[in-house]
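Notes to accompany the following structure.
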Amino acid sequence: MKTSTFFPLIIAAFSVNAVPQLEKRAAPVIDDTTILNYALTLEHLENAFYTGGLAKFDEAAFVECGLPVWARGRFVEIGEHEKTHVQLLQTALGSAATKPCNYSFPYTDAGSFAALSQVLEGVGTSAYTGAAQFITSKAVLTTAASILATEARHASWIGSAVNKGPGWSGAFDVPLSLNEVFTLAASFITSCPSTNPQLPVKAFPSLTFSSPAPGKESTLTFNATGTSSTPLFVSFFTGLSQEFAPLKNGKVAIPGDLLGTVYAVVTTNGTMADDSNIVAGPAVLSFPFNSDGNLISQ
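Now the structure itself:
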């Protein structure tokens, strides 16, 4: 079974509502300690993902899903990387380090585990890219850059060697804001220790697309109060750019030139989407393409 068939199910998992407890505890200060705990929050999630998935699926489970016999061994290595990232950040933060939360991941077999792994590593790459602007310490920035590079290698290897798609989406990765990343991460968080440090983040309402494809119309599902009379748009984040399309009667025409991993939000602004005008999302959209730059049907 080709792992590309798992992507629609995995991407739908991001529609789960975010954790209210975390959203209510937002704080305004963003400093290096805050960013380190933000990074540790994501690394805890990835560490739990690999620990749980690899404990559940042996080598035979990977082979049964059509994955290479050596794939699980590489995922073990990736899991060790994420564990090492956790340990490094915990050491740097000391007693201020945030604790792991409780998580729920929607994988049902090794194939869906591999598909979700690619999505998580991609979000991790975009998270570090977007957070770099807040780091003031050169030492912290260098460490974050080193982790970012490793996350990007993970995403590239999983996307190409394992899931038989492109190892990248284009010349640039998408930088995501703290809130955008938290919106995606919170869909896997069920509860967190009440003693965890506050993070200056909030989760936007979830967003889902029905059968998204470039050049096709898709129906969107999201909850947003007070926007019934406001013109809405969908912004598609691709590389360092945003492409916009009007949202009409809950439907949007997806631009035909999109390739790779794309993040989409509903916004009240038709020229620049950011945290001040996002209504819902982001949603993760996957449009794999071959070496000729043509879309691979899913």
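Heads up: the sequence shown is residues -18 to -1, 1 to 280, going by mature numbering (1 follows the signal peptide of the UniProt record, and there is no 0).
Quick reminder that beta carbons are idealized off the backbone N, C-alpha and C, glycines included.
Would L71 and E103 qualify as a contact pair, given that the criterion is a beta-carbon distance under 8 Å?
no
As assigned by DSSP and simplified to three states, the class of I260
strand
Over the uninterrupted alpha helix (DSSP H) stretch that includes I17, give me the two end residues.
D14 to K38
Here's the rule I'm using: 16 or more other beta-carbon atoms within 10 Å means buried, otherwise exposed. How should S211 be labelled?
exposed
Need the endpoints of the alpha helix (DSSP H) that A43 sits in, please.
E41 to E46
Can you give me the Cβ contacts of P179 inside the same chain, cut-off strictly under 6 Å, excluding the 5 residues immediately before and after it?
N19 and T80
Anticipated Cβ contact below 8 Å, S217 with V247, distance rounded
5 Å
What is the DSSP secondary structure of A108, reduced to helix, strand or coil?
Note that residue 108 is Ser in the sequence shown, not Ala. S108: helix per DSSP, three-state reduction.
N161 - DSSP class collapsed to helix/strand/coil
helix
Looking at the unbroken alpha helix (DSSP H) that takes in F57, where does it start and where does it end?
A53 to L75
Quick one: using the 10 Å Cβ neighbour count with 16 as the cut-off for buried, is P157 buried or exposed?
buried
Residues of its chain near L222, where Cβ-Cβ distance is below 8 Å and the 5 sequence neighbours each way are ignored
F154, V156 and P157
With distances taken Cα to Cα, identify the nearest neighbour of I12 among T207, A206, Q100 and F116.
F116
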